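**Q**
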Amino acid sequence: MDGWVLSAWGPTELTFGTERVQLRPRERAVLAALAARSPASIDTAEIVTLVWGDAPPKTARNSIQNHIARIRSVARDVVVTTDTGYRLAAEVTVNRGASLDDSEPYADLAECERTDALRSAAYVARDDAWIADMADRLDRSIMGDDAGDTIDGIEKWVARHPGDERGVRLLTRALALAGRRRDALAVIRDATRSAARSGHAPDRVLRDLARRILDDDPTLGGSSTPPADADVDPVEVGHLVGLDDYVDRIERSADDGMSLVVVTGPAGIGKTTLVEHLRDHADVHGRATLLAACSPEPSIPLEPFTEILHQLADRFPAAFGSLDDIDVLRSLAPTLAGGDDRAMSSGRVDRSVLLDAVVAALRCAPVPLTVIFEDLHWATPLTLQMLDACLAGDHDGQPVKMIVTSREVDAELVGRAVEHVVVEPWPLERVREYVGRFGRPAEWCADASAWIHRQSVGTALFIRELSVAAHASPDGEFVPPASTPDNLLASLRRTLRGLASSTQRDLGAAAILGRQFRVVEWKSMGLRSAASVDEAIAADVLERVGDDRLAFRHDLLHRLVLDELAPGERIELHDLAVDAIGSDTSLRRDRLDELSHHAYGAAPLDTARALSVMLAAVDVDTERFDYEAGIAKCRAALELLDTDARPGAVDRWTVEFEIRLGQLLLRLGDGAALDHLLGAARHALELGDDDLVAEAMREACRLGPTSVVGGVHAEASELLDRAVESVTDERAAAVVATAGVMLYAISGEYDRCRAFFERAASYHGDPGTRVDALGLAVLVLTERTDLDRRIEMERELTELSKLVDGEDARWSAAHLRMTNQVQAGDPAMRDTLAELATLTASMRQRTRLWEYTNWSASVALTDGDVGAAEQLATQALDCMDAVAESLVMSAYGAQLLSIRHAQADVGDLFDTVASIVEGGDAIGAWHAVLALAAADAGDAKRARRHLDIVVADDFAVLDRDYTFNGALHAASLAAATIGAVDIARLLASELDAWSGLWAFVGTCTMGPIDLASARLAELLGDIERAKALAGRALTSAERARAPIYVEQAADCLRSLDRH
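The numbering of the sequence shown is our numbering, which starts it at 19 and goes up by one.
1. Using C-beta distances below 6 Å, list every residue in its chain close to ALA752, excluding the 5 sequence neighbours before and after it, in chain order.
2. When DSSP labels each residue in this structure, what does TRP671 get in the three-state scheme?
3. Would you tell me roughly how many angstroms separate the C-alpha atoms of ARG199 and TYR645, rounded to the nearest one?
4. Go to GLN921, then tell me how far its alpha helix (DSSP H) extends in each direction, as first and last residue.
5. So what does LYS419 bridge to, in DSSP terms?
6. So LEU705 and ILE677 are supposed to be a Cβ contact under 8 Å. How far apart are they, rounded?
7. Return the chain-ordered list of same chain residues with a C-beta closer than 7 Å to the C-beta of ARG333, the five sequence neighbours on each side being excluded.
8. Using DSSP bridges, identify the partner residues of GLU31.
9. Below 8 Å on the Cβ atoms is my guess for VAL559 versus ARG571; work out the distance and round it to an integer in Å.
10. Just tell me which of THR865, ALA958, LEU703 has its CA closest to the CA of LEU737.
11. Quick one: using the 10 Å Cβ neighbour count with 16 as the cut-off for buried, is GLN40 buried or exposed?
12. Whole angstroms is fine: what's the gap from LEU914's alpha carbon to GLY680's?
13. Answer yes or no: do LEU1074 and ALA1044 have a C-beta to C-beta separation smaller than 8 Å?
14. Does DSSP classify VAL596 as helix, strand or coil?
15. Which partner residues of ARG567 appear in the DSSP bridge assignment?
16. So is ALA63 buried or exposed if we call it buried at 16+ other beta carbons inside 10 Å?
17. Going by Cα to Cα distance, which pick from LEU805, ARG864, SER370 is closest to LEU1015?
18. Can you tell me the Cβ-Cβ gap for ILE86 and VAL110, rounded? I've got them flagged as a contact below 8 Å.
19. Measuring straight from C-alpha to C-alpha, what distance separates ALA202 and ASP465?
20. Please report how far the alpha carbon of TRP671 lies from the alpha carbon of ALA750, in whole angstroms.
21. Does the distance from the C-beta atom of LEU991 to that of ALA1030 stay below 8 Å?
22. In this structure, does DSSP put HIS694 in helix, strand or coil?
23. Between the beta-carbon of MET760 and the beta-carbon of LEU815, is there less than 8 Å?
24. Given this structure, state the Cα-to-Cα distance separating LEU514 from GLU447, to the nearest angstrom.
25. Using a Cβ cut-off of 8 Å (strictly closer), state whether SER467 contacts chain B.
26. Look at LEU854 and TRP873 and say whether their C-beta atoms are less than 8 Å apart.
27. Leaving out five residues before and five after MET861 in sequence, what residues of the same chain have Cβ atoms less than 6 Å from its Cβ?
28. For a minimum of 4 consecutive residues, which ranges assigned as the alpha helix (DSSP H) are wholly contained in the region 839-904?
29. Does the region 529-536 touch the region 574-588, meaning 3 or more C-beta pairs lie closer than 8 Å?
30. Assuming LEU965 contacts ALA993 (C-beta within less than 8 Å), just tell me the rounded distance between them.
31. Consult DSSP for CYS1022 and reduce its assignment to one of helix, strand or coil.
32. Contact defined as beta carbons within less than 8 Å: I believe THR756 pairs with ASP790. What is the distance between those atoms, to the nearest angstrom?
33. Would the beta-carbon of ARG105 fall within 8 Å of that of PRO75?
34. Going by beta-carbon coordinates alone, are LEU327 and LEU347 separated by less than 8 Å?
35. Can you give me the Cβ contacts of VAL453 inside the same chain, cut-off strictly under 8 Å, excluding the 5 residues immediately before and after it?
36. Please return the same chain residues whose Cβ sits closer than 7 Å to the Cβ of ILE481, not counting the five positions on each side in sequence.
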C-alpha cells in the first residue's frame, strides 16, 4: 500500500510504503488515540485519558504537545491541528483490522491468540451502566452459588471488549475474590503486555491489584488462609516481606534540611515496591509524599520535577500560590497553579533562575516532605543538575527528604546521601517468609521456597510469579511445576521460541556480548533488523537501560539464550564480538576484560590474538588489584597453551603467563608462586630470549621465597649462574644483576652481592631498569663511606621516579630515603613514613606491607611508644606467606632487640635468638646479639665467648651488609657491660668511623652509635671523650625527638659526671 498507513492492529505502527517510521512508545500511543477518533478531531484532554488512563501525570498536557511535535519531525503531514485539538490527516489510511464493523466491534478479534487492540474507548462506547451492574452483582454474589456465573459473564464481556481496562479490573478482582489468584495475575500480565505493545502506559489500578493479590491483602476478601487446625507455620501477614530493614533504615535516616537517600538495585528487585510502601505510609509520620519517575525518553524538560511541581501546587495551593517566582515556574509548566496552557512563554528563562525557583518551591511546603524520584538512571543531565541544586546550600524550610531509585550506583551521589540502601536479591530466608504467607504446610513451604529461590535467583518479580505457579502443587508434598506455563524456565523458552527466527538469531549475538550490552556493538555483530529490537522489547525479553544500551530483563533469559547456542556458533559469535568491541587494546583498556573473555572464546580461530589480549587484560587486573581475576586468566591461558601445543611463539607465551601468574600468587602470599617463577626462568633459558630470561630471574629473586638468611636458594642460584653466562644484551644483563643482588642480599656472601650491584648500577640506559638497580642500594651500600653515595642515589631515584611514573619507582626512592634518614637520626623520617603509608595502601603488595610495617615499628620506638612498636613488629609476622620465613624471623628478631634494648631488658632475648641460629651460625651478626643478651643477663662467660667470635680475624664473621654497624653497636654494649677491655679497644676503633650516625639493622635502629662509643671510652678510662660522645648522642636524640634515647644519653652523662 502506498502513502501513509497507521496500523492499530497489533503494535501501533506508522509506515510510508514499505518503510516503517521509528517512534517512541508514547508517540505510538498518541497516534493510536488519534486513530480511534479518525477522521474526527480529538481534544488534548481525551488524548491524555486514552494514553495514561485515569491517573495521568500533571505534565501530561505538556507532554502531548511535545509528542505531537516529535511525530511531525519524522512524519510532517500526518497530524493536523484543529480548533478543538488534533486529527489525522485525510491522506492517512487507518488499518484497524479487516473484519471490524460497527455492530460487533470485536467479534472476530475475541478468539485471536494475541488481541492487541487499543483501549475500548477508542472503538466502542463505554457501557457504564453494564459495568456498574456487574460490579454490584459481584459484591452480592461472589461468595454465593452464582459466583461462577458472575465471573463467566465478566469474562465474556472482557473477551468482546479486551481494550477496556474497567472490565479487566473487574475480572481481576472477581478472580481474586474467588481464590483464583493465578488466573487473576495472568489476566493482569496479559493486559499489561498488550498495553505495552500498543504503546500505552500500564494501568496503575491493575498494578496495585497485582501487588495486593501477591501480598494476600485481606481487604480483597476471599483470603486463602487455611483453617485454624491446618498444619502450618505461624506467619505474620501485612508487613513488607524482604524490605522491612530497608524501610527502617530510610525512616530512621537523618532528616535535617534537604537530605538525600539513594536506593539502588537491578531491575525487578523491589525498588518500586519499597518506595510505594514509603509513600503509602507517609501519613503515619505526618509527612507529605510526592512521587515522580524519570523516563528513558522524556517528553518535556525536567519532566520529573515538573510533575512534582504540579503535585505541590495541588497539595498546598496557598503556599505555592504565594511564591515570588510562580511565573518562572510556569515557563516550565504553563498550566501550573491555574495557568493557561495557551499562554506559552515566549521568553527564555535563565537556567540558574529556574533552578532557584524550583528549589524555592520545594521549600514552601508547610509540612515535612518526602520527594521520591524513581529510575534516576534515566535522568537527563538537566534533571541531575536540578537535583544537585536542591541538595546544595542552606535549607530554612520544613525538612525535605529526597529518595531516589536507580539501577546504577553513582559514587558522587551516594557520597552526598545520608543513607544508601542497596536492595539485594532475596536470600532463602525471605523467600520462605513470603511463601509462608500463603498458609501451606511447613514442609511444603520449605520445599517450595528452595525451588523458588533457586529458579528466581532472588529477584522479587520472579519470586512472585513462581509463587503463583507453585500453588498448583498439592498440600502434601511439593512437586515443582513441570509444564507450561507453570514452570518458569519452560515459559521463558516458549517466549523465546515464539519470536521470529531472525530475532532469535540476533538475540544469540546479544547474549554473547553479555546480559547488558551496547546496541552499536550488537549491530556491528550483524543485527539483521531493528524489528528484532522492537520484538524483543515488546516480548519483555530485553529492556532499555540507557542511551544505546539494552539488557536482558533477567539473568535467566540471558542464560537460556546462551544455552541454545551450538559450540561452533559460540566461537563465531565471540570472534565477531572481538571485532565489534575493538581489538586495539591500547585504545580500549576500559574494555579489556570483555575483550579477553571474547578472545578466549574465539581462541580456536585465533590463538595468538586470544593470548595477546588476555596478557594485556592480566596487566590491567594487576593495576586494579584484582589479583584473583588475573590469576584466573593466567591459568586459562596456560591451559589453552597446553592443549594447543604450538611451537616457538607459544613457548614465549608460556613464559609470559608463568611470570604473571607467579607475580600475582606472590602478591596474595601463595607459596605456589615460586614454582611458576622458577619454571618461567627455566623455560626462558631454554628459549634463549635475553629479555624473558632477565624478567623471569628478576621476579623469581625478588624479596620473597628465594630470600634465605645466611644461605642461598640452590635452584635459584643455579638458574642465576646460567642466566649470567647466557645473557648478552646490556639491559637484560643489568636486570639479571639486580636479581643477583636480591638473591644474595642477606645470604652471607656480601662480596658477591656487591659485585652484582655494581654491575647493575653501571647501566645507565633504560630508566626503569636503573630504578630497579638503585633501589637495591639499601641492601649493599652499607659502609660508612657509602652514605654520601646512597644519598646521591636517593636523589637520582626521586628524579627518575618522575620519568618512570610508577609507584614502584616512588617506593624505591622513599624506601632509600627512609634508610638514610633513620641512620642519620633525621626527624624527617616521619614524613617519609607517611609517604610510604600512602604508597603501601595504593600498591597493595604484601612484600611492601611487610617493609612498611617494620618501618612503622621503628618510628614508633623512636617516638617512645614501646607498646605500639612491639605490636607492629608482631603484626609484620603476618606477611610470612609473601616473604621468606627466615627473613621475616630475622627482621622480627632485630625489632625485638631494639625494643628490649629500649626497655633495658635484652637478657630476655637470649633463648629466642639462640633458637633462630639453632642448627647453624646463620649470619655472624647474631653472635653480637647473643653476646649482648648474655651480658645483660649477667652471664659474662657466655657473652665473652660470642664476643670472641665477633672480633676474631678482624671481624671476619660479620658481613659488611646492612647488619654490620648494628652488630658492632650490640657487641660494644656487651663488651662495656662485662668489662672486656681488650675487645673494647678493637670495637672502639671500628665505631669511630660511624660517629654521628645511628645503629641500623635493616628497618630498625638502636639509637645513636655515639652512646655505645661513650660506654667504651668510659671502660677504657677516657672520661672526657666519653662525655663528649654522650653529649653528641644527646644532641642527636633530641634533634630526632626520640625520648628513650634522650633519657639513655642523659643517664650516661649523669653517670660520667660522678667520676
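Don't be surprised by glycine CBs; every beta carbon is placed ideally from N, CA and C.
Keep in mind the model is a prediction, meaning the values are calculated, not measured.
**A** For this structure:
1. ALA778, TYR781, THR787
2. Reduced to three states, the DSSP call for TRP671 is helix.
3. 50 Å
4. That residue, GLN921, is in no alpha helix (DSSP H); it is neither H nor E in DSSP.
5. SER277, THR388
6. That belief does not hold up - the Cβ atoms of LEU705 and ILE677 are roughly 13 Å apart, past 8 Å.
7. ALA306
8. SER25
9. 6 Å
10. LEU703
11. Answer is exposed; the Cβ neighbour count stays below 16.
12. 32 Å
13. The beta carbons of LEU1074 and ALA1044 sit closer together than 8 Å.
14. Under the three-state reduction of DSSP, VAL596 is assigned to helix.
15. ARG536, GLY564
16. Classification for ALA63: exposed.
17. LEU805
18. Going by Cβ atoms, the distance from ILE86 to VAL110 rounds to 14 Å, so no, they are not a contact pair.
19. 25 Å
20. CA-CA distance, TRP671 to ALA750, rounds to 19 Å.
21. yes
22. helix
23. no
24. 31 Å
25. Reference to chain B is not applicable here, since this structure consists of a single protein chain.
26. Between LEU854 and TRP873, the gap from beta carbon to beta carbon is short of 8 Å.
27. GLU825
28. 847-861, 864-880, 884-893
29. yes
30. 6 Å
31. Strand.
32. 5 Å
33. no
34. yes
35. CYS463, ALA466, SER467, ILE470, SER485, ALA488
36. Taking C-beta separations shorter than 7 Å and ignoring five residues to either side along the sequence, the partners of ILE481 in its chain run TRP444, VAL449, TYR452, ILE470, SER474, following chain order.
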